[in-house]
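Residue numbers (numbering that gives the first Met the number 0), protein chains in the order written: chain A, 0 to 338; chain Z, 0 to 338; chain B, 0 to 338; chain F, 0 to 338; chain C, 0 to 338; chain H, 0 to 338.
Positions of the beta carbon are idealized from the N, C-alpha and C atoms, including for glycine.
Have a look at the structure below, then the notes.
Number of protein chains: 6
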Amino acid sequence: MKIVTFGEMMLRLTPLGTKRLVQADSFDAFYGGAEANVALSLALLGEEAVFATKLPDNALGDGAVAALRRWGVDTRGIVRGKGRLGLVFQERGADRRPDRTFYDREGSALSLASPSEFDWERLLAGADFLYFSGITPALGENVAGICIDACQAARKCGVQVAFDPNYRPGLWDLPEAAACMETVLSYVDILIANESQASALFGISYSPLAVDGDNVSDWGYETLAKALCKRFSVKAVALTERRTISAGINDFSAKYYDGRAFVSSPKYRMRVVDRVGSGDAFAAGLLFSLGRKTGLQEAINFAAAAGCLKHSIEGDVNLSRYEEILALAQKGAEETGRR
Amino acid sequence: MKIVTFGEMMLRLTPLGTKRLVQADSFDAFYGGAEANVALSLALLGEEAVFATKLPDNALGDGAVAALRRWGVDTRGIVRGKGRLGLVFQERGADRRPDRTFYDREGSALSLASPSEFDWERLLAGADFLYFSGITPALGENVAGICIDACQAARKCGVQVAFDPNYRPGLWDLPEAAACMETVLSYVDILIANESQASALFGISYSPLAVDGDNVSDWGYETLAKALCKRFSVKAVALTERRTISAGINDFSAKYYDGRAFVSSPKYRMRVVDRVGSGDAFAAGLLFSLGRKTGLQEAINFAAAAGCLKHSIEGDVNLSRYEEILALAQKGAEETGRR
Amino acid sequence: MKIVTFGEMMLRLTPLGTKRLVQADSFDAFYGGAEANVALSLALLGEEAVFATKLPDNALGDGAVAALRRWGVDTRGIVRGKGRLGLVFQERGADRRPDRTFYDREGSALSLASPSEFDWERLLAGADFLYFSGITPALGENVAGICIDACQAARKCGVQVAFDPNYRPGLWDLPEAAACMETVLSYVDILIANESQASALFGISYSPLAVDGDNVSDWGYETLAKALCKRFSVKAVALTERRTISAGINDFSAKYYDGRAFVSSPKYRMRVVDRVGSGDAFAAGLLFSLGRKTGLQEAINFAAAAGCLKHSIEGDVNLSRYEEILALAQKGAEETGRR
Amino acid sequence: MKIVTFGEMMLRLTPLGTKRLVQADSFDAFYGGAEANVALSLALLGEEAVFATKLPDNALGDGAVAALRRWGVDTRGIVRGKGRLGLVFQERGADRRPDRTFYDREGSALSLASPSEFDWERLLAGADFLYFSGITPALGENVAGICIDACQAARKCGVQVAFDPNYRPGLWDLPEAAACMETVLSYVDILIANESQASALFGISYSPLAVDGDNVSDWGYETLAKALCKRFSVKAVALTERRTISAGINDFSAKYYDGRAFVSSPKYRMRVVDRVGSGDAFAAGLLFSLGRKTGLQEAINFAAAAGCLKHSIEGDVNLSRYEEILALAQKGAEETGRR
Amino acid sequence: MKIVTFGEMMLRLTPLGTKRLVQADSFDAFYGGAEANVALSLALLGEEAVFATKLPDNALGDGAVAALRRWGVDTRGIVRGKGRLGLVFQERGADRRPDRTFYDREGSALSLASPSEFDWERLLAGADFLYFSGITPALGENVAGICIDACQAARKCGVQVAFDPNYRPGLWDLPEAAACMETVLSYVDILIANESQASALFGISYSPLAVDGDNVSDWGYETLAKALCKRFSVKAVALTERRTISAGINDFSAKYYDGRAFVSSPKYRMRVVDRVGSGDAFAAGLLFSLGRKTGLQEAINFAAAAGCLKHSIEGDVNLSRYEEILALAQKGAEETGRR
Amino acid sequence: MKIVTFGEMMLRLTPLGTKRLVQADSFDAFYGGAEANVALSLALLGEEAVFATKLPDNALGDGAVAALRRWGVDTRGIVRGKGRLGLVFQERGADRRPDRTFYDREGSALSLASPSEFDWERLLAGADFLYFSGITPALGENVAGICIDACQAARKCGVQVAFDPNYRPGLWDLPEAAACMETVLSYVDILIANESQASALFGISYSPLAVDGDNVSDWGYETLAKALCKRFSVKAVALTERRTISAGINDFSAKYYDGRAFVSSPKYRMRVVDRVGSGDAFAAGLLFSLGRKTGLQEAINFAAAAGCLKHSIEGDVNLSRYEEILALAQKGAEETGRR
């Protein structure tokens, strides 16, 4: 399988341990980004993963390329040039003190890119999937245009498009975001979302009758998935569900609807080491399973297990091996069955 | 609002992570002390906070001053001179292995101070509160005398006195402590205490009928608060309640009685990062609310949230912002209401 | 009391924090080994503890000796010579990602040792116990032979033999292991084991009727202990029971049968800092109590508390003091009694 | 003495030890900036030091304020608002590999400031000196305008102006810089410069006859100082001389001409720990001496010793005490005299 | 240009800072090996670099592959299978205490490899150079056989062979080594060596008349190079010269003779950060220059500058950019010319 | 050989790297003390080394014992009881910024010891040497008394006494110190000193004619040694000579006069890692050589090499092996011979 992802890569700076930003005198540094993380996960699973982006022509740009190559991502589609590397300052929360994140990404190299710098037909040749999230078009009209170019090339080359809206209020206005996503979604085959995004962007949610306290029934998710599927004429919809109990404890599960059947993964209560990149690990696990054409239930279980395991790993990248993810997927399914 | 606190500052030395003292080959170092921490919290909340003490004339004394100034405490009332900086060696526990602390504070600069070194009327000019804990008079008769000087000046200047008995058996005998505190309490407006201190020092506790296993009813705390209020003719009593489930898990809540009404905060079960200074963060949150004249319930909720959040922060200082404490106070209250 | 233990010592290399081996660019290093850990625990409890082994004649061998001496183990019985120091690479798991360990111990100095290098009668003179685990004879026929020499000398000198089968599939085949252990067990007085080992090696387990979900009744363990006692004519059997809830949460308890009475320790649910060496801490706690001739219940409670506390300490060595273990043993017993 | 400095503060991020940026996975972080460093040095010497700037309204802005307050700088003149905190990525060189630095400061809060945000007459009230470097006007026309405002207010209030051109090619073009500095210099009393800046900006150098290999005679510096003095009608000129032998070894010395006399400091060959802020430490040492009205030779010796000592201290701030600087100034002078 | 290198990769474990092995409780870890380092340097210079080896099928093997990919080496020629990853324990010396290194590499995966696992004609297709050092054939007769296979394939494919004898007494006997190298050298085009190796292995040295104290004249090196050239019928000989002044200070220079002309690089006195891999950086710099067909003097200057810069970089890999090496090569040449 | 040393052990706290005390937020911790270091060196050289002291009955006291045992010192002569562990705060200098040290040792356990706690005849049984420095009697009259007890017992048991005055102005007055040392010296066989101590305490120096700039001739040292020998009727005098070029560069050499012959070691210019304990390493090296009865020249060369090597090792303990010291002693002697 070959997959191409497209997006921005940033340097995440995190005070050591659970120190606060204001008291930090050193930072751990992680290169990452939603689409880069998806490519990294797939490369680690043994697939051909191509990451397309534009990076600055400085040592941090070199560092980002090295971080991708280290785990086997094909970086030959990366353009280098003017601009900065975007930064994310993040302090790890603890107990009732939530994680705090602020972005410092204006003027990034990708946000200054022009469409002519990406030859999508060459990049997508032989690919099975194109993946990007809603963060990429949010970087500017030029980048949104490059996304549409990529989608059109994907359609032309018979490459399926997977997309996660990932709406970030800090990057653009809701109406602008919704309008852009409508256009993008007209090219999308597989939509990866969650209820809060669907609700905020498109006004689509589950029935209030499906909600019982903090729990939402599978029926609720199924109707939500079907509504999204119909509304945007996508082939399939994946939904993740996260509940933040505290900074250190989260619940995570996922659902998948392929236009015919609806399946639901085990729900994992997790002690979080680093939640950054867990949604990307899920997306990668899903595309991996779809590429391998496993059964639907196996697919959503594998994807949810991939997302769950990422929470136990420091950094943006899901350094789990195929066998490890599979083992958890099977164990999780057993435990669910037993209940 | 202006507040003046008076007490000793020490250097806390803690082996990295959960290492034991006996195996430590390096130490994290934190400057702190009950009254310094209260001043630091209030400075971080934007109030004028003055800390009075005596510090040695060496690099550790300089470090202590810098630690106070860093977060905005007014250090002009600090006397420098002979003596040592007190030390606290503390090993962080884990699971069933409790924290271990031992003090090495004999001969500290403050314990050698003389009353003439502090000009209380100048220090307290324009202040709303004077705060100190029972550790300060425990440092010696001379220091107890300085405390009484401060209290008398406070009465003269119309400054309210807040006091936390904070009895430490290692520092003085119980009869000596009780006698001294009786004197101090004759000047106190706001008493901050807990049941074990009240019981040990003054023989005042809640009714055994208020206890059900590990839980004590609000009625129990109310009668305890009233008893203390009456016994010492203080205007108000704040009570904290802590239960140590393990080294890493604690329960924390607080009560407040102002002579008329009794209010009770939400109870927080917390995963502890560093519990040092949490009582001080509570005291600061309470004084802050009293200074702002919020409602009683808001006051105890804010104070308890401040105490709770401190547990998630490394070091002695509650580096939480006003908005963060308020958000937890409101969220905690909602959750309690829902139960 | 004097105890002699015999086995291999290794250097454990662990990526910092919860990093994975594949991403590690530095390692924490701990010298340890089952029998060395037992000797270290006993030396820390104030007993005369002799550790016999062979170590390479290089800086790592010197480091191993220093690690033993640091806490008071008598290292004069250690032979130095050719070969390597065995290594263990271990990554700490987190949440659903389990610990991963792989051994790199082939060609170790002890595995190349010859019987003539150990003068057992001299080493065992005046000793109360000889202890080793099944890892030692697994290192090779020559080392198995040295174990038998030691056992025979122990019998001759009136030294009791304590043994933990500790079967490791990576070191030898099951039939080979079972055969060797049969021979060893003919010299053993006190057998320390668990159900999975008893079942795998000797086909001895508890009745299925004793199992209720994840719980096994004391009756079940008692019958297992009696069966082992009878099968191998040992004087006493200690059984440990561990359940791994996640990488960070484990349950731990223990049982003891002395041929007459059966006792059971409190069960501890623990948040794990480092589980390496916890079984060894248990064994040491048991031998310590037997040497002091405390009551059976006190003995198993002390041993289980020692094992429990080790989980809260970084490194292989149980750096708990006698008073600390005793305090937990008494507290655990009280809590159990109350339920 | 009171001094007011005005400029930008940044966060410097440096890979640990001598690691290169491209391989860094963590960074040491230091808040600093030329004018902030001058204020910090003077506060540490016990003077009243006010730092004026604009900082972003986020945790990094808070961190910058805390870094100033920690050593006693008056931060009440700091405006908070929109924009970023500028960043400097710096890798420490070693031996023949020089330090590498790149700036990421576009869009900083100060560069977005407007003149109305600074009330110079209030800030400068009672001050002896206003100090800023050429980096400040280089941040934009608006900031250059604020600098002129400050200069005019200084003239009005009888405050002397000290200025270091500090031309940075990355920030502005040479003609633009030279033109702006001409204007600034019409307000300047004390010019702090070096030959390479004087030559690049104003075409003023020493006579080639003053140069002998790597050495320049005092006569050469004297003529250069006089030329600058005359050209810009300043009262005094200070010149520093640095020679980079390798990344870790530098030579440093300074000269001073007050319109009448010319003095020259000892020359120091230094093993460099961190050279950032050494020019600022020199400037602060000079202003301190001028404020104390020591003799000229004492002044330049003290200033050069301050600059030299900074090289031995990690971070941007010269954490040397008055006595320490004085001791080196005297020792350096003695050694020079003896030669 | 394409280059293929073949050899063993190891994990180097080094106590932090200048700690000794015996006191180490943590280690920095670096993956490297002579031939891997050459490939890494060339990949960083932008060339196509293929590294062939056999690595164990475990996490350390994965880590080694990731370390190669990170900087762009083509790892598709790497075989995975049974065996260990070799280890090197190294303590950094300081001043008069020299570095100490010991190898723990027996049973490594490559030492267990069989010739059929390497398809040399495919690996070498289109390559300009094959490179390996004498460590590779020293790993065992099977590996020596693989080396000869590689050489024969190189000759068949028109690929030049570059070789560095790198005799290590711990790995094989001198006669055995000399005999094997004779065979290897019959295939070699470019021999990279130093005097001590040439003397020990082949009894070829410079004239005693060329030696003056610690200095050897260029004439001496030229006769040595010519002797080696003639003796083994190689096209060219490169010689490095290192003098260890102390653990932290080394001199380094190089010579090159291409059968016609002899050239000599500047000599660098260096303050050493990490000398591991400096010879490999030199070899890579030389092959890079030969591939680019620069002039001889440029080639040896570039190679020596590459070797020099490596000493300033932590880890095995020369993370210097082309421009940086070139700048030092030119500066070094200028300085030499001036003397 | 058996040696007994007697003195105080402290915990040295040092900010990481070259940070200043005032900015430190963590400390490296080293247990040490002059006499403990001598015992540790001798134990590492394979001799029987007994250390006598009194330590507090807390975790730091336990840590001190463990630090001694780790390298083989016999700790059975250590008394445990009331008091503190003395502390030394030390900041590492750099370049022209010298090391700064301050002691916080008042009230240490040893300073509170009483003579009856030490059974010198038992401790000294079979010993060859008793060693202590002038720091020990400086701790108080009681401790000075214990020193005299030890000396008298030594005389009785035929044990030679080695003594280093090591006068510390912070601990006692000069007249008091001189008087006490006179008494001690009446028992001393081997006096280890340097010129500045001899001059300050006893007014004995070398002839001014022996001084040429920074160099002092051997003749000068010989007359000094003879004067000391005669003045105190000691059998032998060892003199060390240290010159502090900068914080990081020191010169070190030593002389020895045995009443007949005078010998002088090579002079070492050293790049210093950690100079603490280098004098102790010298003393240990000297006693070791005297115990082995090597020639005088060998003895002083070995001792000086031991002192030199210590400067390259982090911590108080000279972790050099016999072979390493010998190698440097021989190399240093050769180099000196060649000059």
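Residue i burial status per 10 Å Cβ neighbour count (16 or more: buried)
| i | result |
| --- | --- |
| ALA235(Z) | buried |
| GLN151(A) | exposed |
| PRO207(A) | exposed |
| SER319(A) | buried |
Residue i versus residue j - alpha carbon distance
| i | j | result |
| --- | --- | --- |
| GLU47(Z) | GLU333(Z) | 31 angstroms |
| ALA124(F) | ILE134(F) | 24 angstroms |
| LEU138(A) | SER277(A) | 22 angstroms |
| PHE26(A) | CYS146(Z) | 43 angstroms |
| PHE281(C) | ILE77(C) | 24 angstroms |
| ARG230(A) | PHE201(A) | 9 angstroms |
Contacts that residue i makes with chain Z (C-beta to C-beta distance below 7 angstroms)
| i | result |
| --- | --- |
| VAL215(B) | Ordered by position in chain Z, no residue passes the 7 angstroms Cβ test against VAL215(B), which lies about 23 angstroms from the chain. |
Heavy atom of the ligand HEM within 8 angstroms of residue i beta-carbon
| i | result |
| --- | --- |
| THR4(Z) | Absent from the structure shown: the ligand HEM. Ligands present: none. |
Distance CB(residue i)-CB(residue j) smaller than 9 angstroms
| i | j | result |
| --- | --- | --- |
| THR52(C) | GLY6(C) | yes |
| VAL233(Z) | GLY219(Z) | no |
| TYR102(F) | MET9(F) | yes |
| LEU67(H) | ASN317(H) | no |
| SER110(F) | GLY144(F) | no |
Proximity winner among the options, relative to residue i (alpha-carbon distances)
| i | options | result |
| --- | --- | --- |
| ASP2(B) | ALA303(B), SER288(B) and GLU313(B) | Reading the sequence as shown, one finds Ile at residue 2(B) and not Asp. Here the closest residue by C-alpha is SER288(B). |
| LEU295(B) | LYS266(B), PRO168(B) and ALA260(B) | ALA260(B) |
| SER204(H) | CYS156(H), THR222(H) and ARG83(H) | THR222(H) |
| LEU308(F) | SER252(F), ASP98(F) and TYR256(F) | SER252(F) |
| THR4(A) | ALA303(A), ASP315(A), LEU41(A) and ALA224(A) | LEU41(A) |
| LEU190(F) | LYS254(F), ARG11(F) and ASP61(F) | LYS254(F) |
| ASN249(Z) | PRO265(Z), VAL262(Z), LEU238(Z) and ARG270(Z) | ARG270(Z) |
Contacts that residue i makes with chain C (C-beta to C-beta distance below 7 angstroms)
| i | result |
| --- | --- |
| SER25(B) | SER25, PHE26, ASP27 and ALA28 |
Partners in chain C for residue i, counting only beta-carbon separations shorter than 9 angstroms
| i | result |
| --- | --- |
| ILE312(H) | THR17, LYS18, ARG19, GLN22, ALA93 and ARG96 |
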